[in-house]
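Worksheet for the structure shown next.
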Ligand code: C5P
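Following this line, the structure appears as structure tokens:
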């Protein structure tokens with residue numbers, strides 16, 4: 028089993044009920060963690076199990092990266108990149124992502140796009156331009172959001188925050204298998220190096236660095252199957268609901 032530590036109790040997002048009080052905000056489960064920790068698969072399965080909406084925030088940074096390649100905007104041109112982020116014409120349809128009406132799901136998954144996304148994601152203006160778009164995913168009956176700063180910046184009032192980690196060899200092996208299944212050739216050593224570089228960049232940046240929220244539960248998935256992690260997160264959420272801190276459902 029993975030380790031679970033909770034530094035503080037979760038923050039309830041319900042407001043006191045009254046005739047004129049606005050309806051409570053839909054509950055959010057925030058799942059953050061480093062690249063290839065399995066958070067995307069876990070988050071989408073938890074969302075499906077609860078009938079909640081799902082936000083893969085990394086896809087937005089990847090979309091900005093892809094748009095920048097197409098528009099020939101360099102990673103240091105912060106204002107132009109923020110403009111691209113603000114004007115993204117993106118649609119999420121099941122597991123497909125469209126940019127300007129074109130299905131770019133496969134292009135988004137490339138390692139090149141992920142590394143460029145990480146370079147762009149350190150820019151505060153780009154992050155600010157994507158904030159409202161991410162928060163707009165919070166709709167009834169609830170949202171599961173994965174990324175790096177879901178619990179710290181985007182949804183600080185999330186009723187459950189999980190920080191999902193796994194060792195570098197385990198994550199590199201998972202990424203290697205994913206790519207192999209898609210028929211993409213990769214080297215395990217190069218993948219490990221890329222993951223470590225990306226983690227270092229995501230952790231060291233000043234804008235919304237990769238770090239657990241103080242009230243996040245740390246979950247190491249190195250020795251767990253995806254299904255075990257999913258059940259663990261669902262169990263934690265049900266516990267919150269039973270305690271009355273699971274938000275409005
Ligand atoms: O999660 P994924 O690997 O698709 O994200 C690509 C990159 O986007 C990450 O390496 C990270 O730099 C950035 N990102 C971020 N904040 C998020 C999600 C992703 O900075 N909430």
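Numbering (this note's numbering), first residue to last: 28 to 276.
The C-beta atom is built at its ideal place from N, Cα and C for all residues, glycine as well.
A distance criterion of 7 Å places the beta-carbon of residue 145 in contact range of the ligand C5P, judged by its closest non-hydrogen atom. Boundaries of the beta strand (DSSP E) harbouring residue 125: 123 to 126, taken from the DSSP string. A straight line joining the alpha-carbon of residue 154 with that of residue 80 spans about 21 Å. Three or more Cβ pairs drawn from the region 62 to 78 and the region 193 to 205 lie within less than 8 Å of each other, which places the two stretches in contact.
CA-CA distance, residue 162 to residue 124, rounds to 18 Å. Per DSSP, residue 83 lies in no alpha helix (DSSP H); the unbroken beta strand (DSSP E) holding it starts and ends at 80 to 83. The beta carbon of residue 175 sits closer than 7 Å to at least one heavy atom of the ligand C5P. Contact between the region 226 to 234 and the region 204 to 214 is absent: fewer than 3 CB-CB pairs across the two stretches fall below 8 Å. Separation of the CB atoms of residue 88 and residue 144 is rounded to 4 Å, and the pair is thereby assigned contact status at 8 Å.
Taking every protein chain shown into account, the CB of residue 216 has fewer than 16 other CB atoms within 10 angstroms, so this residue is exposed.
Annotation for residue 226: the continuous alpha helix (DSSP H) segment containing it runs 215 to 231. Residues of the same chain with a CB within less than 7 Å of the CB of residue 194, apart from the 5 flanking positions on each side, are 249 in chain order. Per the DSSP secondary-structure output, residue 170 pairs in a beta bridge with 55 and 80. Annotation: residue 134 to residue 49 spans about 41 Å, alpha carbon to alpha carbon. Within 7 Å of the C-beta of residue 94 there is not a single heavy atom belonging to the ligand C5P. If you draw a 10 Å sphere on the C-beta of residue 95, you find 16 or more other C-beta atoms in it, and that means buried.
The Cβ atoms of residue 170 and residue 55 sit closer than 8 Å to each other.
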